[in-house]
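When the sequence shown is numbered by this note's numbering, its final residue is 246 and no position is left out of the sequence of numbers.
The beta-carbon is built from N, C-alpha and C at its ideal position, and this holds for glycine as well.
This one's a predicted model, so the numbers in the text were calculated from it and none came from an experiment.
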Amino acid sequence: MGGGHWQGEAALAPGIGLFRGHSGDNRAHRHWAHQVSFALDGTIKFKVNDIEYCGTGFLIPAGIKHRQLEANVLSVYVDPTSTFLDALSLPLSHSPAVLALSEANIQKLVSLFPADCPLSECLARFFKALGTENPRQQADPKLTLVLAELNKAVEDNATIDREQLARICHLSPSRFSHWFSQETGMPLRSYRKWLRLIKALETAVLTGSLNRAAHDAGFSDQSHFTRAVSEAFGVSPTDILALLG
2 MGGGHWQGEA ALAPGIGLFR GHSGDNRAHR HWAHQVSFAL DGTIKFKVND IEYCGTGFLI
62 PAGIKHRQLE ANVLSVYVDP TSTFLDALSL PLSHSPAVLA LSEANIQKLV SLFPADCPLS
122 ECLARFFKAL GTENPRQQAD PKLTLVLAEL NKAVEDNATI DREQLARICH LSPSRFSHWF
182 SQETGMPLRS YRKWLRLIKA LETAVLTGSL NRAAHDAGFS DQSHFTRAVS EAFGVSPTDI
242 LALLG
């Protein structure tokens, strides 16, 4: 790998994250968010297993292990359970395939996140627009309840086990696990870890302390948190905080 550094800006809000700038060094990684990236100039390249994808923009579905090569990009990270998916007008699904973005897809993203608008302001406008467009609701109200309980547990640094969640849906624990994976495209354990990771990053931005962020999000220590960030994003927490700060 080269020694390129990440340069640019990033923004984070519930259900969505943004990065715009030069994507630098990163290891092969997988995260439980759909990644939508397009080149700000030229092309963008991803490596997935032994296959290299090169084009103007791609959708990397959640859970696919990949490595992004250095490029000037805009990347959008979307929680698969978010109600924001339709607003992006993108072919998001539980498909395991990397998909090329159409020119219409890219122009939609450019209009939502224009180059002359700071990303934090772009997100504020995005949320405001969604408030008037009646974004898609979860098809299954049980999923809405389960996601609310999972988010509350993470916020409170509490534990809610599979049996408790299964009772909400009136399912056996084993049937619940299958149902959750079918509805969200990811295992319960992975999604729970993803929520904790996002909470830790938010706490780190607010406090400037990786140790406190790790503790408040339920990681055993700062090293555990750092490994989780590297596995999910291919970079260190300090790299991400420098962009978010």
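| query | result |
| --- | --- |
| Got a sec? Which residues, its chain only, sit under 6 Å from residue 20 by beta carbon, not counting five neighbours each side? | 11, 76 |
| With a threshold of 8 Å between beta carbons, is residue 91 in contact with chain C? | Reference to chain C is not applicable here, since this structure consists of a single protein chain. |
| Using beta-carbon positions only, say whether residue 98 and residue 59 come within less than 8 Å of one another. | no |
| Is it buried or exposed for residue 212, if we count other Cβ within 10 angstroms and need 16 for buried? | exposed |
| Under 8 Å between the Cβ atoms of residue 47 and residue 28? | no |
| DSSP three-state call for residue 65: helix, strand or coil? | coil |
| Using the beta-carbon count (16 or more within 10 Å), is residue 106 buried or exposed? | buried |
| Evaluate the contact criterion for the segment 178 to 194 versus the segment 52 to 66: three or more CB pairs, one atom per stretch, below 8 Å. | yes |
| Does residue 238 pass the burial test, meaning 16 or more other C-beta atoms within 10 Å, or should it be called exposed? | buried |
| Is the number of C-beta pairs between the segment 222 to 237 and the segment 29 to 37 that are closer than 8 Å three or more? | yes |
| Please identify the residue among 8, 241, 16, 244 whose C-alpha is closest to the C-alpha of residue 127. | 16 |
| List the endpoints of the continuous beta strand (DSSP E) containing residue 73. | 72 to 79 |
| Just reading off the beta strand (DSSP E) that residue 55 is part of, what are its end residues? | 52 to 56 |
| By Cβ distance, which residues of its chain are closer than 7 Å to residue 177, with the 5 residues on each side in sequence left out? | 163, 166, 167, 170 |
| In terms of residues, what are the limits of the beta strand (DSSP E) holding residue 45? | 45 to 49 |
| Roughly how many angstroms separate the alpha carbons of residue 14 and residue 215, rounded to a whole number? | 19 Å |
| DSSP three-state label for residue 182, please. | helix |
| Drop a sphere of 10 angstroms on the beta-carbon of residue 185, count the other beta-carbons inside from all chains shown, and report buried for 16 or more, exposed for fewer. | buried |
| If you reduce the DSSP assignment to three classes, tell me which class residue 9 lands in. | strand |
| Quick check on the burial criterion: 16 or more other C-beta atoms within 10 angstroms. Buried or exposed for residue 208? | exposed |
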